[in-house]
Amino acid sequence: MKNWNKIALIIFCLITFFVNNASLPTDIMEQRNIVTAREMVSEGNWLVPTMNGELRLEKPPLPTWVAGGVEKIIPNSLAAQRTAAGIMGCVWTMFLFLTARYMSKRDDFAMATVVVFLTCYNLILMGRSATWDIYCHAFMMAGIYYFTRAIYEDHHYRQWFVIAGIFMGLSFLSKGPVSFYTLLLPYLIMLIAFPHPSMRGKWFSLSLMIILTLVIGGWWYVYLFTVHPTEVDIVLHKESGSWSNHNVRPWYYYWRFFLEMGVWALLMLVSLAVNYWKKHILLKREYLITITWAIGCLVFLSLMPEKKTRYLLPLLAPCSMVVACFIVHFNQGDKLEPFSKRLYYVNGILLSLITLSIPILSAQYGVKRGIINIGTETIVSILMLGITGWLVWATLQLKPFRFIKGIAALFIVAECFLLPTIGNAFGNPKGHSINLTQNDKRLQDIPFYYNKKEGLRIELVYEAHHKILPLNLSNGIDLMHHLPCAIVTKGWAKDEIPASILNKIDTVSIGSFDDNKHKPSDKHYTKDLLCHMTLLKMKNK
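Each residue of the sequence shown is one higher than the one before, counting from 1060 in the working numbering.
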């Protein structure tokens, strides 16, 4: 691979994960992780995490440790938190590139794999979210790369097994067995299904890898069992119950999995015609290996009762390799059989039309609503017209590698110019966040509580940058014991606290808050994110 191609891939990777990374609103998983990280820093409970004062043992701690470290160095910075996730996105991309190159011994296949991977929207979103998923899959991809080298090489295999064990252990410490089940297990089955080198003389090194994985991935769980055995047992039953009872979907729920590939959905769908492609595709071995891996991932994910579309994230890695097989195949030009030519033309023209429609849609829905300014719209329109022309030319000339460079340019423009406008589309004009209480001097060193009978959304804890603990407002003795304090309630304080107690305390209204990220007319708008805050103090005698 030419040096400028490597530099271009690095720049593309950096833009994918870091440019405008604070533009999109946080989701609840990200908020939980950051709240836990804040309490690690403020409370010092790094080994036994808490979330809003309660034990948080459901998730392994490595990503939260990283978030805690970021919080300690750069407090209250969403961009910094997401930068850490972006780094892991780069790690995943790098090891996917190395795995693809090692598997095929071709730079063009590895480059195509990475470009396809970086243009999958789910990866872009998860690489810009300070959550656990990107960590476990990035570490597992590294583990798979070194494991592959270990089994195929007769020299240095011991060190490759050791490094593989370290990365697999880190994957387990990031999200438990998730990536082992969704990425590694299908990969191992694929290795068994195809001719593979003998493991003679390597079993000791393999055992060492397994031991390292267990030690690195399991020491935290052993520690928890020694200090909080009852709580850990409860969490294990809860998590195992969630897998079988929560978000249960039918086995065919993921039938639209190919849509997760975004602009590459058509090629991924067509790739399932294995009987045809194993006779015609150029990279027959690579295609059969990667399609087997991809289908294996899909099958194992479908076997789990609990299903969510974001669980398909690991599937993007083998699917990107499958699509890359087609990119290399199309590069034969006039040697292509008729069906492959038609497929390339249809896919190219379809994506060209979609690219052409982007400035039209942004003008219709962005400019008219005031989300996009005229200057940005003009720049985007000019660039999109240029990219459309490039894509049409690359399609008609049968230049697939020029084509994927055009797709990469399309995503670069979207990430640099359109991503902030997408973030602006989310928002509540009438919003008044509880975040504002951070600067209220009346609340300095004052503990926050909420009505125990009502419950509390974690979004409010995240926005308040403050623990909000449960309190029985009907219990006069308990309430008086916690004064002075601020209470967060759904109704007015006078309606939440018995009159007999109100007569003994002073109440100061801090404000009413609305932390919905959607307009009141939106179906996602909820009253659970509306609250009042009141400062309670003992009455002066």
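Backbone N, C-alpha and C fix where the C-beta goes; we use that ideal spot for every residue, glycine too.
Who are the Cβ neighbours of residue 1472 in its own chain at under 8 Å, not counting the five residues just before and after it? As a first step, residue 1472 must be located in the sequence shown, where it is residue number 413. Cβ neighbours of residue 1472 within its own chain (closer than 8 Å, five residues either side excluded): 1439, 1442, 1443, 1446.
Does the segment 1386-1396 come close enough to the segment 1339-1351 to have 3 or more Cβ pairs within less than 8 Å? Three or more pairs of CB atoms, one per stretch, sit closer than 8 Å, so the segment 1386-1396 contacts the segment 1339-1351.
How about the segment 1319-1333 and the segment 1199-1212: do they share at least three Cβ pairs that are nearer than 8 Å? These segments do not touch.
Assuming residue 1157 contacts residue 1176 under a Cβ cut-off of 8 Å, what Cβ separation, rounded to an integer in Å, is found between them? In the sequence shown, residue 1157 corresponds to position 98, counting from 1. In the sequence shown, residue 1176 corresponds to position 117, counting from 1. About 13 Å separates the beta carbon of residue 1157 from that of residue 1176, a gap too long to meet the 8 Å contact definition.
Restricting to Cα atoms, I'd like to know which of 1494, 1355, 1202, 1580 is closest to residue 1222. Mapped onto the sequence shown, residue 1222 falls at position 163. Out of 1494, 1355, 1202, 1580, 1202 has the C-alpha closest to the C-alpha of residue 1222.
Buried or exposed for residue 1252, please, with buried defined as at least 16 other CB atoms from any protein chain shown within 10 angstroms of its CB. If you number the sequence shown from 1, residue 1252 lands on position 193. Residue 1252 should be labelled exposed.
Does the distance from the CB of residue 1231 to the CB of residue 1205 come in under 8 Å? Against the sequence shown, residue 1231 aligns to sequence position 172. Against the sequence shown, residue 1205 aligns to sequence position 146. Contact flag unset, no.
Quick one: is residue 1574 buried, meaning 16 or more other Cβ sit within 10 Å of its Cβ, or exposed? The sequence position of residue 1574 within the sequence shown is 515, counting from 1. Within 10 angstroms of the beta-carbon of residue 1574 lie 16 or more other beta-carbons, which makes it buried.
Starting from the N-terminal side, write out each stretch of the alpha helix (DSSP H) that is 4 residues or longer and does not extend beyond the segment 1279-1355. Every alpha helix (DSSP H) stretch that sits fully inside the segment 1279-1355 and reaches 4 residues is listed by chain position as 1288-1304, 1324-1329, 1333-1339.
Would DSSP call residue 1571 helix, strand or coil? Counted from its first residue, the sequence shown places residue 1571 at position 512. Correct three-state label for residue 1571: strand.
Buried or exposed, going by whether 16 or more other CB atoms sit within 10 Å of the CB of residue 1219? The sequence position of residue 1219 within the sequence shown is 160, counting from 1. Residue 1219 comes out buried.
Taking the CB atoms as reference points, tell me whether residue 1080 and residue 1145 lie closer together than 8 Å. As a first step, residue 1080 must be located in the sequence shown, where it is residue number 21. As a first step, residue 1145 must be located in the sequence shown, where it is residue number 86. For residue 1080 and residue 1145, yes; Cβs fall inside 8 Å.
Residue 1098: buried (16+ other C-beta within 10 angstroms of its C-beta) or exposed? If you number the sequence shown from 1, residue 1098 lands on position 39. Looking at its Cβ environment, which holds 16 or more other Cβ atoms inside 10 Å, residue 1098 is buried.
Top-ranked residue by Cα proximity to residue 1173, from 1089, 1139, 1073: Counting from 1 along the sequence shown, the entry for residue 1173 is found at position 114. The shortest C-alpha separation from residue 1173 is found at 1073.
Please name the residue or residues paired with residue 1530 in a DSSP beta bridge. By 1-based counting over the sequence shown, the position of residue 1530 is 471. Bridge partners of residue 1530: 1510.
Span separating the alpha-carbon of residue 1357 from that of residue 1276: For the purposes of this step, residue 1357 is taken as the residue at position 298 of the sequence shown. For the purposes of this step, residue 1276 is taken as the residue at position 217 of the sequence shown. The alpha-carbon atoms of residue 1357 and residue 1276 are separated by roughly 25 Å.
Compute the Euclidean distance between the alpha carbons of residue 1470 and residue 1417, then round it to the nearest angstrom. Within the sequence shown, numbered from 1, the residue matching residue 1470 stands at position 411. Within the sequence shown, numbered from 1, the residue matching residue 1417 stands at position 358. Approximately 12 Å, taken between the alpha carbons.
Tell me whether the segment 1378-1393 and the segment 1186-1199 touch, counting them as touching only if at least three CB pairs, one residue from each stretch, are closer than 8 Å. In short, these stretches do not touch, since the Cβ pair count stays below three.
Given a threshold of 16 other Cβ atoms within 10 Å of its Cβ, counted over all protein chains shown, does residue 1580 qualify as buried or as exposed? Your numbering for residue 1580 matches position 521 in the sequence shown. Residue 1580 comes out exposed.
Roughly how many angstroms separate the alpha carbons of residue 1428 and residue 1409, rounded to a whole number? Locating residue 1428 in the sequence shown gives position 369, counting from the first residue. Locating residue 1409 in the sequence shown gives position 350, counting from the first residue. Their backbone Cα atoms lie some 28 Å apart in a straight line.
Can you tell me which residues form a DSSP beta bridge with residue 1114? Walking along the sequence shown from the start, residue 1114 turns up at place 55. Looking at the DSSP assignment, residue 1114 forms a beta bridge with 1109.
Can you tell me whether residue 1394 is helix, strand or coil according to DSSP? As a first step, residue 1394 must be located in the sequence shown, where it is residue number 335. Three-state DSSP puts residue 1394 in a helix.
Per DSSP, residue 1544 forms a beta bridge with which residues? As a first step, residue 1544 must be located in the sequence shown, where it is residue number 485. Paired residues: 1595.
Minimum C-alpha distance to residue 1086 - residue among 1526, 1264, 1316, 1519: Sequence index remark: in the sequence shown, residue 1086 carries index 27 (1-based). When 1526, 1264, 1316, 1519 are compared, the shortest CA-CA separation from residue 1086 is found for 1519.
Give me whichever residues DSSP pairs with residue 1565 in a beta bridge. The count along the sequence shown starts at 1 and reaches residue 1565 at position 506. Paired residue(s): 1596.
Could you say which of 1217, 1235, 1290 lies nearest to residue 1262 if we only look at CA atoms? As a first step, residue 1262 must be located in the sequence shown, where it is residue number 203. Nearest to residue 1262 by C-alpha distance, out of 1217, 1235, 1290, is 1217.
Am I right that residue 1509 and residue 1548 are in contact with their C-beta atoms under 8 Å? What's the rounded C-beta distance? To locate residue 1509, count along the sequence shown from 1; it is residue 450. To locate residue 1548, count along the sequence shown from 1; it is residue 489. The pair is a contact, with the Cβ atoms about 7 Å apart (cut-off 8 Å).
Inside the segment 1119-1189 only - alpha helix (DSSP H) runs reaching at least 4 residues: As far as the segment 1119-1189 is concerned, its whole alpha helix (DSSP H) runs of at least 4 residues are 1121-1132, 1137-1163, 1166-1177, 1180-1185.
Contact under 8 Å by Cβ, residue 1111 with residue 1527: Taking the first residue of the sequence shown as position 1, residue 1111 is located at position 52. Taking the first residue of the sequence shown as position 1, residue 1527 is located at position 468. Yes; because the gap between Cβ atoms is below 8 Å, this pair is in contact.
In three-state terms, what does DSSP make of residue 1589? Looking up residue 1589 in the sequence shown gives position 530. The three-state reading of DSSP puts residue 1589 in strand, counting E and B together.
Tell whether a beta-carbon distance below 8 Å holds between residue 1245 and residue 1124. Looking up residue 1245 in the sequence shown gives position 186. Looking up residue 1124 in the sequence shown gives position 65. Contact flag unset, no.
Taking C-beta to C-beta, are residue 1094 and residue 1127 nearer than 8 Å? On the sequence shown, residue 1094 is found 35 positions in, with the first residue counted as 1. On the sequence shown, residue 1127 is found 68 positions in, with the first residue counted as 1. No; because the gap between Cβ atoms is not below 8 Å, this pair is not in contact.
Own chain partners of residue 1664 with C-beta closer than 8 Å, once the 5 adjacent residues on each side are dropped: Beyond the ends of the chain as shown, which are 1060 and 1600, falls residue 1664; an answer cannot be given.
Which residue wins for smallest C-alpha separation from residue 1402, given the options 1594, 1576, 1292, 1389? Within the sequence shown, numbered from 1, the residue matching residue 1402 stands at position 343. Residue 1389 is the option with its Cα nearest to residue 1402.
For the alpha helix (DSSP H) containing residue 1101, list its first residue and its last residue. On the sequence shown, position 42 is the one that residue 1101 refers to. Unbroken alpha helix (DSSP H) run through residue 1101: 1087-1102.
Determine the direct distance from the alpha carbon of residue 1497 to that of residue 1138, and round the result to whole angstroms. Within the sequence shown, the letter at position 79 stands for residue 1138. Within the sequence shown, the letter at position 438 stands for residue 1497. Those two C-alpha atoms are separated by around 19 Å.
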